[in-house]
Amino acid sequence: MSPTSTSSDRDSRADSSLGRTSSGVGLCAIHQPNLFPRLSTLAKIYAADCWIVLDDVQFARRDYQHRARLAPLGRPQQHQWLTLPTHLPHGRSTTIREARLVEPARARRRLHRTLAHAYGSSRYWLDLEIRLDAVAVAMDDTDRTAAVTEASTRLLLDLLGWTGSILRSSQFTVRADRSLRLADLVSAVQADGYLCGPGGMKYLRLEEFAEQRTPVIPFTTPTTEGIWQDARRLSALYALMTFGPDAVRREVTRIADAHALPASARPDALAAISVRDEGVPA
Numbered sequence: 003m004s005p006t007s008t009s010s011d012r013d014s015r016a017d018s019s020l021g022r023t024s025s026g027v028g029l030c031a032i033h034q035p036n037l038f039p040r041l042s043t044l045a046k047i048y049a050a051d052c053w054i055v056l057d058d059v060q061f062a063r064r065d066y067q068h069r070a071r072l073a074p075l076g077r078p079q080q081h082q083w084l085t086l087p088t089h090l091p092h093g094r095s096t097t098i099r100e101a102r103l104v105e106p107a108r109a110r111r112r113l114h115r116t117l118a119h120a121y122g123s124s125r126y127w128l129d130l131e132i133r134l135d136a137v138a139v140a141m142d143d144t145d146r147t148a149a150v151t152e153a154s155t156r157l158l159l160d161l162l163g164w165t166g167s168i169l170r171s172s173q174f175t176v177r178a179d180r181s182l183r184l185a186d187l188v189s190a191v192q193a194d195g196y197l198c199g200p201g202g203m204k205y206l207r208l209e210e211f212a213e214q215r216t217p218v219i220p221f222t223t224p225t226t227e228g229i230w231q232d233a234r235r236l237s238a239l240y241a242l243m244t245f246g247p248d249a250v251r252r253e254v255t256r257i258a259d260a261h262a263l264p265a266s267a268r269p270d271a272l273a274a275i276s277v278r279d280e281g282v283p284a
């Protein structure tokens with residue numbers, strides 16, 4: 003499990019703050035690959051030590067699996083969609099990893115053109131533009147939509163200095179039920195804790211995690227103005243290009259620390275931990 007970045011500036015995100023055990027990978031997040039994900043999603047992955055890319059579930063066109071909601075600088079309400087045209091070879095039953103790009107070369111040109119139009123005037127644009135090569139390479143190497151969207155997320159994580167590891171759910175044999183699937187994946191990587199977003203908490207059955215003695219940590223982000231404004235609606239690109247990677251890194255680090263597994267949490271006991279920190283709704 004090689005890290006996506008070798009940057010060492012994770013500030014207070016030292017191993018000791020995560021309550022790691024020698025046998026586990028630390029905290030685990032599970033999420034579908036999204037195109038330049040929302041800041042709320044990116045923050046959850048950043049707070050984890052291992053991201054399992056959920057790539058073997060049904061592709062949903064109305065989700066963020068092939069599109070991102072962008073907004074021009076200073077105008078967060080005037081959003082537009084950046085979409086990767088995607089073909090589903092098996093219709094509605096197509097899984098995320100089976101989805102294929104339509105005309106990858108054309109999609110690559112449109113992606114760069116759209117991002118340059120939205121954020122080219124940002125003082126942070128050049129740093130992003132250089133890193134966009136990784137997404138372009140992915141679009142040259144494969145027509146798999148998931149590979150490209152995963153690359154776009156890696157790009158943003160690299161900007162923030164994340165040093166975690168990435169695995170894919172398709173690498174594991176798990177049960178079909180969605181709650182059991184998550185429990186099986188967390189168990190497979192021997193995670194010390196599972197970071198679960200608001201969507202997952204609606205259907206997660208905690209007793210299944212209790213049986214395998216894995217703490218579940220509900221993950222939430224602030225709803226305040228500034229960096230977190232529209233964090234659950236807009237791509238994280240808006241915050242990164244408005245406030246800069248350093249400012250965003252400080253904020254996601256603060257939120258990550260608020261969700262860290264307490265050192266007192268025993269690995270053999272279930273703890274559904276409600277985080278209560280200033281600006282972080284429980």
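Each residue of the sequence shown is one higher than the last, beginning at 3 in my numbering. Beta carbons are placed, not taken as given, at the ideal position from N, Cα and C, and that holds for glycine.
Going along the chain, which residues of its own chain have a beta-carbon closer than 7 angstroms to the beta-carbon of residue i, five neighbours each way excluded?
{"i": "Gln80", "result": "Ala73, Pro74"}
{"i": "Ser42", "result": "Thr223, Ala233, Arg234"}
{"i": "Arg111", "result": "none"}
Give the DSSP-derived three-state secondary structure of residue i in the structure shown.
{"i": "Val150", "result": "helix"}
{"i": "Ser167", "result": "strand"}
{"i": "Arg215", "result": "coil"}
{"i": "Ser189", "result": "helix"}
{"i": "Val176", "result": "coil"}
{"i": "Arg71", "result": "strand"}
{"i": "Tyr126", "result": "coil"}
{"i": "Pro200", "result": "helix"}
{"i": "Thr85", "result": "strand"}
{"i": "Ala238", "result": "helix"}
{"i": "Leu103", "result": "strand"}
{"i": "Arg251", "result": "helix"}
{"i": "Arg40", "result": "strand"}
{"i": "Ala49", "result": "helix"}
{"i": "Tyr205", "result": "coil"}
{"i": "Arg77", "result": "coil"}
{"i": "Gly228", "result": "helix"}
In the DSSP output, what is residue i paired with across the bridge?
{"i": "Gln60", "result": "Thr97"}
{"i": "Gly195", "result": "Leu29"}
{"i": "Pro220", "result": "Cys198"}
{"i": "Ile54", "result": "Ile32, Leu169"}
Within its chain, find whatever has a CB closer than 6 angstroms to the CB of residue i; leave out the 5 residues flanking it on each side and keep chain order.
{"i": "Ala31", "result": "Lys46, Ile47, Ala50, Trp53, Leu197"}
{"i": "Gly199", "result": "Lys46, Phe221"}
{"i": "Leu161", "result": "Pro247"}
Could you pull out every residue in the same chain whose Cβ sits closer than 8 angstroms to the Cβ of residue i, ignoring the five residues on either side in sequence?
{"i": "His89", "result": "Ala101, Arg102, Leu103, Val104"}
{"i": "Ser189", "result": "Gln214, Thr216"}
Exercise for review: Inspect the CB distances between the stretch 216-233 and the stretch 243-260 and report whether three or more fall short of 8 angstroms.
Suggested key: Under the three-pair Cβ rule at 8 angstroms, the stretch 216-233 counts as touching the stretch 243-260.
Point to revise | Inter-stretch contact at 8 angstroms, needing at least 3 Cβ pairs: the stretch 198-212 / the stretch 172-183 | key: Three or more Cβ pairs closer than 8 angstroms define a contact, and the stretch 198-212 meets that threshold against the stretch 172-183.
Check your understanding: Any contact of the stretch 240-250 with the stretch 115-130, i.e. 3+ C-beta pairs under 8 angstroms?
Key -> Cβ pair count under 8 angstroms is three or more, so yes.
Check your understanding: Does the count of Cβ pairs from the stretch 135-148 and the stretch 106-122 closer than 8 angstroms reach three?
Key -> Three or more Cβ pairs drawn from the stretch 135-148 and the stretch 106-122 lie within less than 8 angstroms of each other, which places the two stretches in contact.
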